[in-house]
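Written below as structure tokens is the structure these notes are about.
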Amino acid sequence: MLKVYNTMTGRKEEFLPLKRGKVGMYVCGVTVYDECHLGHARTYVAFDAIRRYLEYKGLEVNYVQNFTDVDDKIINKAREESRKGGADLPILIKGIVKKYTGEYFACMDKLNVKKATCYPKATECIPEMIEIIKRLIEKGYGYEVDGNVHFSVKSFNEYGKLSRRNLDECSHKTRVALEEQKRNPMDFALWKKRKEEPLWDSPWGKGRPGWHIECSAMSMKYLGESFDIHAGGEDLIFPHHENEIAQSEGYSNKNLARYWLHTGFVTLRQEKMSKSSGNFFTVREVLDKYPPVAVRFFLLSTHYRKLIEVSEEHLEAAKRATERIAACLSNVKKKGMGLSRSMQPTSNRIAIESAMDDDFNIPVAMGIIFKLVSNVNVLTKNEDFVRAAVLAADIESFCNVLGLKFRADEEIEEELLSLIREREQFRQRKLWEEADVLRQTLLSKGITLEDTPRGTQWRRL
RNA sequence: GGCGACGUAGCCAAGUGGCAAGGCAGCGGUCUGCAAAACCGCAAUUCAUCGGUUCGAAUCCGAUCGUCGCCUCCA
63 MLKVYNTMTG
73 RKEEFLPLKR
83 GKVGMYVCGV
93 TVYDECHLGH
103 ARTYVAFDAI
113 RRYLEYKGLE
123 VNYVQNFTDV
133 DDKIINKARE
143 ESRKGGADLP
153 ILIKGIVKKY
163 TGEYFACMDK
173 LNVKKATCYP
183 KATECIPEMI
193 EIIKRLIEKG
203 YGYEVDGNVH
213 FSVKSFNEYG
223 KLSRRNLDEC
233 SHKTRVALEE
243 QKRNPMDFAL
253 WKKRKEEPLW
263 DSPWGKGRPG
273 WHIECSAMSM
283 KYLGESFDIH
293 AGGEDLIFPH
303 HENEIAQSEG
313 YSNKNLARYW
323 LHTGFVTLRQ
333 EKMSKSSGNF
343 FTVREVLDKY
353 PPVAVRFFLL
363 STHYRKLIEV
373 SEEHLEAAKR
383 ATERIAACLS
393 NVKKKGMGLS
403 RSMQPTSNRI
413 AIESAMDDDF
423 NIPVAMGIIF
433 KLVSNVNVLT
443 KNEDFVRAAV
453 LAADIESFCN
463 VLGLKFRADE
473 EIEEELLSLI
483 REREQFRQRK
493 LWEEADVLRQ
503 TLLSKGITLE
513 DTPRGTQWRR
523 L
């Protein structure tokens with residue numbers, strides 16, 4: 063039985079999809095105005111692993127992830143560029159959106175994050191947003207003041223149910239200043255009156271949508287008024303998801319999502335990683351230093367809801383750990399053994415599944431994988447390659463479920479190969495010093511050598 | 001001020017009532033020309049601290065200390 067922790071109820075619950083065998087899953091995506099940092103990567107890698115596990119269990123996952131492509135941050139960036147360059151704002155905005163959407167995909171591809179079923183963009187769903195806002199006004203949830211439309215939090219009785227906060231406390235102690243037009247300081251914008259591009263026509267005049275409404279529109283458009291999983295980083299619980307719930311449920315009178323899943327933060331130097339604070343590592347810079355599989359392993363090595371501190375030391379440890387798995391699998395394969403997975407569920411497989419069924423406890427599942435690695439290494443050492451291959455198949459298949467893709471043994475440049483051969487000659491003539499110099503040379507080119515009874519094997523670092 | 005999370009070995013990390021998984025690093029050994037990888041063995045008498053409940057607590061309750069977060073854009 064699969065159990066998931068639901069932020070809405072604050073406890074683990076049995077996961078029962080609305081439609082048998084199918085899962086509708088919405089993950090809040092990024093605002094495409096800058097490079098992704100490791101915090102973004104953590105969230106998307108975690109939900110990718112969760113999605114893969116659901117698929118492994120035989121569920122068909124409809125995975126929807128949006129891009130926010132209309133937002134003050136993007137517009138401000140375009141304004142800055144326009145001051146320098148002079149091109150039109152809408153063109154600059156398009157350029158920024160295109161650039162960072164591409165950047166997002168480039169990073170996620172390296173981290174082996176599967177493509178979503180669809181990637182809606184906010185600007186492609188403006189009519190849907192306007193429809194929702196119209197209905198919210200009709201139902202008394204929204205009110206228009208001079209071309210702006212706000213959502214009245216007081217009108218939605220259940221406001222605060224996700225983040226467990228009390229409206230009265232909020233309005234008293236809040237740092238939000240009461241804006242003239244708002245009836246309550248906690249009220250938020252559904253539609254913002256604007257005179258400058260980008261803007262759209264609406265029943266309330268020209269303007270653009272507020273931030274939260276896009277996710278309501280896109281999730282309902284692609285997954286229906288009620289779906290299974292709504293996910294995102296912990297920082298979205300309030301106000302973003304709270305507001306989404308108010309809008310969507312006010313609109314439809316149905317529960318938006320059955321399960322709310324949130325990832326814990328990534329910290330750097332003991333502080334939350336974030337763009338605005340300047341405290342972050344971009345995904346790109348980390349991938350320049352560490353193999354993607356090591357970065358992915360690092361991000362999955364702590365339970366998805368728990369805070370994870372990033373450092374060179376931790377990434378290094380993750381890298382070494384993945385090398386252990388990779389070496390184990392590659393040793394079995396070098397013996398010419400195909401990894402045939404046994405049809406019978408093995409006790410290891412059962413153990414891993416029960417860990418994963420407990421709110422996706424990947425750290426426990428990895429512990430089991432490492433035990434298997436030890437077993438395989440012993441079998442390999444004892445030349446029991448048939449049994450080694452069976453266990454190795456389990457290792458490989460679970461690494462696949464987690465999306466851990468080890469670099470296949472690649473081709474090696476002829477130049478390096480000849481150095482290896484040359485060293486072999488020296489070794490045969492027992493010219494150890496000469497051989498060691500070549501080994502050092504190869505190491506500096508990222509090749510380690512292992513002299514085994516069956517000859518020298520090379521491995522890339 | 002309100003709400004919440006976390007504190008387990010040098011580092012990372014599971015475990016949430018019945019003898020403390022696993023990884024990285026370390027130490028000793030086997031193997032090796034030396035290494036590397038791998039293997040064998042060692043390493044927390046103890047889970048921030050102090051009390052309480054219990055036959056039994058890392059796990060439940062209370063207090064204290066410490067760290068972080070949300071309450072404003074944020075994955």
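Once you know that position 89 of the first sequence is 151 in our numbering, the rest is easy, because the numbers rise by one and skip nothing. For glycine and all other residues, C-beta sits at the position ideal for the given N, C-alpha and C.
Over what stretch of residues does the alpha helix (DSSP H) that includes residue i continue unbroken?
i	result
Val94	Looking at the DSSP string, Val94 is not in any alpha helix (DSSP H), and its letter there is neither H nor E.
Gln487	476-490
Trp262	From DSSP, Trp262 is part of no alpha helix (DSSP H); its letter is neither H nor E.
Ala149	Taken as a continuous stretch (DSSP letters only), Ala149 belongs to no alpha helix (DSSP H), as it is neither H nor E.
Gly312	304-314
Ile27	The structure shown does not extend to residue 27, since the chain is modelled only from 63 to 523, so the question has no answer here.
For the candidate residues the options, whose alpha-carbon lies nearest to that of residue i?
i	options	result
Leu504	Arg522, Asn219, Lys492, Lys223	Arg522
Val328	Lys65, Gly101, Phe77	Gly101
Val93	Gly120, Phe77, Asn128	The identity of residue 93 in the sequence shown is Thr, whereas the question assumes Val. The shortest Cα separation from Thr93 among Gly120, Phe77, Asn128 belongs to Asn128.
Arg516	His99, His212, Ala497, Lys443	Lys443
His324	Arg367, Lys283, Leu361	Arg367
Gly340	Arg104, Lys81, Glu75, Glu97	Glu97
Thr510	Leu318, Ile482, Val345	Ile482
Glu143	Ile158, Ile474, Cys169, Ile299	Ile158
Asn124	Val89, Ile137, Leu154, Ala149	Val89
Thr25	Arg346, Lys183, Asp421, Ser336	The structure shown has nothing for residue 25, since the chain only spans 63 to 523.
Lys244	Ala293, Ser214, Lys381, Val435	Ser214
Leu391	Ser436, Gln406, Glu374, Lys381	Ser436
Ala184	Val126, Leu198, Tyr205, Lys201	Val126
Asn174	His99, Asn462, Leu500	Asn462
Phe167	Asn210, Ser281, Val345	Val345
Leu479	Gln519, Ala103, Lys119, Arg491	Gln519
Lys176	Gly72, Val207, Gly326, Ala103	Ala103
Gly312	His99, Lys201, Glu258, Leu493	Lys201
His212	Leu198, Tyr221, Lys223	Leu198
Per DSSP, residue i forms a beta bridge with which residues?
i	result
Ser336	Asn341
Asp513	Thr518
Leu441	Bridge partners of Leu441: none, in fact.
Lys255	Gly269
Asn10	With the chain covering 63 to 523 only, the question about residue 10 has no answer from this structure.
Leu154	Per DSSP, none; premise fails for Leu154.
Cys180	Val126
Ile195	Paired residues: none, contrary to the question.
Ala293	Val89, Leu323
Gly286	In DSSP, Gly286 forms no bridge with anything.
Please list, in chain order, all residues of the same chain as residue i whose beta carbon is under 7 Å from its beta carbon, the five residues on each side excluded.
i	result
Phe460	Ile414, Ala427, Ile431
Ala279	Cys187, Glu190, Met191, Ile194
Lys135	Thr93, Tyr95
Gly272	Phe250, Ala251, Leu252, Trp253, Lys254
His11	Residue 11 falls outside the range modelled here, since the chain spans only 63 to 523, and no answer is possible.
Lys74	Lys65, Val66, Tyr67, Asp421
Given residue i, which residues of its chain have a CB within under 8 Å of its CB, disregarding the five upstream and five downstream residues?
i	result
Thr384	Pro353, Val355, Ala356, Phe359, Leu466, Phe468
Thr236	At Thr236 the pLDDT is 48, less than 50, meaning the model places this residue with poor confidence and gives no usable figure here.
Ser402	Ala451, Val452, Ala455
Glu445	none
For residue i and residue j, which I take to be in contact (beta-carbon distance under 8 Å), what is that distance rounded to the nearest angstrom?
i	j	result
Asp290	Arg320	5 Å
Asn410	Asp456	5 Å
Tyr284	Cys180	6 Å
Ser225	Phe109	Going by Cβ atoms, the distance from Ser225 to Phe109 rounds to 20 Å, so no, they are not a contact pair.
Ala111	Leu369	Contact doesn't hold; Cβ gap of about 18 Å is too wide.
Ser288	Lys316	5 Å
Pro260	Ile155	6 Å
Tyr203	Phe218	6 Å
Identify, in the order they occur along the chain, each residue of the same chain with its Cβ nearer than 6 Å to the Cβ of residue i, setting aside the five sequence neighbours on each side.
i	result
Ala450	Val394, Val438, Leu441, Thr442
Leu64	Phe77, Asp419
Ala389	none
Asn305	Phe250, His274
Leu298	Cys90
Thr69	Trp322, His324
Ser314	Glu287
Glu512	Gln519
Can you name the start and end residues of the beta strand (DSSP E) that residue i belongs to?
i	result
Arg73	73-76
Val355	It is not in any beta strand (DSSP E) - Val355 instead sits in the alpha helix (DSSP H) that spans 354-362.
Tyr125	122-127
Arg320	319-325
Asp249	Unbroken run through Asp249: none, as it is neither H nor E.
His102	Counting along the chain, His102 falls outside any beta strand (DSSP E), though it belongs to the alpha helix (DSSP H) covering 100-118.
Asn210	210-213
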